[in-house]
Amino acid sequence: MIGSIIAILGGLIASASVIVAKKPNAKELIDKLTPYQGWIGVILAFWGVWGAISSILGIGSLSLAWIIGLAVAVVEFVVGFLLGYGLISKYLLEKNETAKEKGQALRLKLTKYQIPAGLILLALGVLSLVFYFIG
818 MIGSIIAILG GLIASASVIV AKKPNAKELI DKLTPYQGWI GVILAFWGVW
868 GAISSILGIG SLSLAWIIGL AVAVVEFVVG FLLGYGLISK YLLEKNETAK
918 EKGQALRLKL TKYQIPAGLI LLALGVLSLV FYFIG
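All residue numbers for the sequence shown refer to my numbering, where the first residue is 818 and numbers rise by one.
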């Protein structure tokens, strides 16, 4: 359930501009989350890696819930990387110039996918929350 909530928060932040354009009253909620964007992104990135590893290790239980879990993990990592790049760069890539350049190049390639990935993550987060409550 925590993973679903984190996915929903990350999806909201990543797709904030589209959501605010369609629902102006959502701006207040998103403005409250924006200061934490970097940390939410870092948590999402690590949570996505952890979820992907867990999904791969649990491949024996191949089901719709497993597929959704793997999809959530992959999109969480992408959105987390984009949202948390500033902190990741500051704390992990600062000492290695080559890694910093490669990270920046990857970020530039993925930036155009931030809003669609955010919307997908939002939908997958809600879907996984529904699966959690259904059982």
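Even for Gly, the Cβ is constructed at its ideal location relative to N, Cα and C.
| Query | Result |
| --- | --- |
| Inter-residue Cα distance where the pair is residue 924 and residue 935 | 15 Å |
| Coarse secondary structure for residue 878, derived from DSSP in three states | helix |
| Nearest neighbour of residue 871, chosen from 895, 909, 844 and 887 [CA to CA] | 887 |
| Nearest-angstrom beta carbon gap, residue 861 and residue 953 [assumed within contact, 8 Å] | The structure shown does not extend to residue 953, since the chain is modelled only from 818 to 952, so the question has no answer here. |
| C-beta atoms of residue 889 and residue 903 nearer than 8 Å | no |
| 8 Å Cβ shell around residue 883 - same chain, five flanking residues per side excluded | 872, 875 and 876 |
| Cβ-Cβ distance between residue 932 and residue 831 below 8 Å | yes |
| Beta-carbon proximity check, residue 901 vs residue 858, cutoff 8 Å | yes |
| DSSP-derived helix/strand/coil call for residue 840 | coil |
| Every unbroken beta strand (DSSP E) within the region 869 to 947, with a cutoff of 3 residues, ordered by chain | none |
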